[in-house]
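Under numbering that gives the first Met the number 0, the residue at position 128 of the sequence shown is numbered 127, and the numbers go up by one with no gaps. Think of the CB as a built atom: it goes at the ideal place given N, C-alpha and C, for glycine as much as any other residue. These notes concern the structure reproduced below.
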Amino acid sequence: MATENSEDRVSQTLVLSANFIPENKFGNFTKLFSNVTALRTYVWDHIKDTNTFHLHVSVQYLNELLEKFVHQIEQVRRIYVYYDTREALQSDQNRIPSGSEESEKLEFCLERDLEKQLQNAEIGRAVDSSQSIDRSTIYNITTSTIGRLSAKRKNNFDYHSSMPKRVAFTVQDDSFMKNINSRFICPSCKLFFQEPYQLECGYRLCESCIHNQNR
């Protein structure tokens, strides 16, 4: 179910995205739709047992939502609209008159922030003090976040590993380097430090040297 339940409150998060979103990106409190008609029908069908709807939609659907007066439904409290570029976002933001009925409910966001917005909504509902903590949702979100960060770190390391060495000579190979303070030299590769990392013992090594030793 894409609902949050308490004795007197039910909130639903509804998503209408032009891009494919894997099901594992959603938790227990989020429901995905493929078109405006299906979303609007769902809202009307559940309007009597839902206090608030929070909509997350791609900009392609914004005009149709407004034309079908979805924003005028009292229970629709917030509509997050997602854009590919900041320029397009600012253009629409300037087009909607400040203080209008539309501007009161619209919030403009970048497409890259959609997953983070949905995760924040999921976490908020999972730890809601009015009901028992949804530990499975918290675990799934945490696992997904850790996986994404690990992939990002690996990509960064692969990128730096592929970069050419900034210094191609060793301390022993070049006489002028004898006068250079040893704190600038990695004791492992004998080159100038590249992204130095300090170990618990106090010594420093290049980050790439640490990864090579751990292989």
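The beta-carbon distance between VAL75 and VAL42, rounded to whole angstroms, is 7 Å. This is short enough to meet the 8 Å contact definition. Within its own chain, the residues whose Cβ lies closer than 8 Å to the Cβ of GLN116, once the five positions on either side in sequence are excluded, are HIS55, TYR79, CYS108, listed in chain order. Inter-residue distance for ARG111 and SER207 is about 30 Å (C-alpha atoms, whole angstroms). Cβ-Cβ distances below 7 Å link CYS188 to CYS205, CYS208 in the same chain, with the five nearest sequence neighbours on each side left out; the list follows chain order.
Across the set LEU88, ALA87, ASN50, SER99, the C-alpha of SER99 shows the shortest separation from the C-alpha of LEU65. The beta carbon of SER102 lies closer than 7 Å to those of ILE95, PRO96 in the same chain, with the five residues before and after it left out. Of CYS185, LEU113, ASN119, the smallest CA-CA separation from ALA17 is found for LEU113.
Within the stretch 8 to 86, the alpha helix (DSSP H) runs of at least 4 residues that lie entirely inside it are, in chain order, 35 to 44, 61 to 66. DSSP places GLU100 in the uninterrupted alpha helix (DSSP H) bounded by 100 to 104. Taking C-alpha positions only, ASP91 is separated from CYS185 by approximately 52 Å. The Cβ-Cβ distance between THR49 and GLN11 falls below 8 Å. By the Cβ-count criterion, GLN118 is buried, with 16 or more other Cβ atoms from all chains shown falling within 10 Å of its own Cβ.
About 12 Å separates the Cβ atoms of LEU38 and LEU61, ruling out a contact at the 8 Å cut-off. With contacts defined by Cβ atoms closer than 8 Å, LEU13 and PHE52 form a contacting pair. Counting only the Cα atoms, PHE32 lies some 11 Å from SER57.
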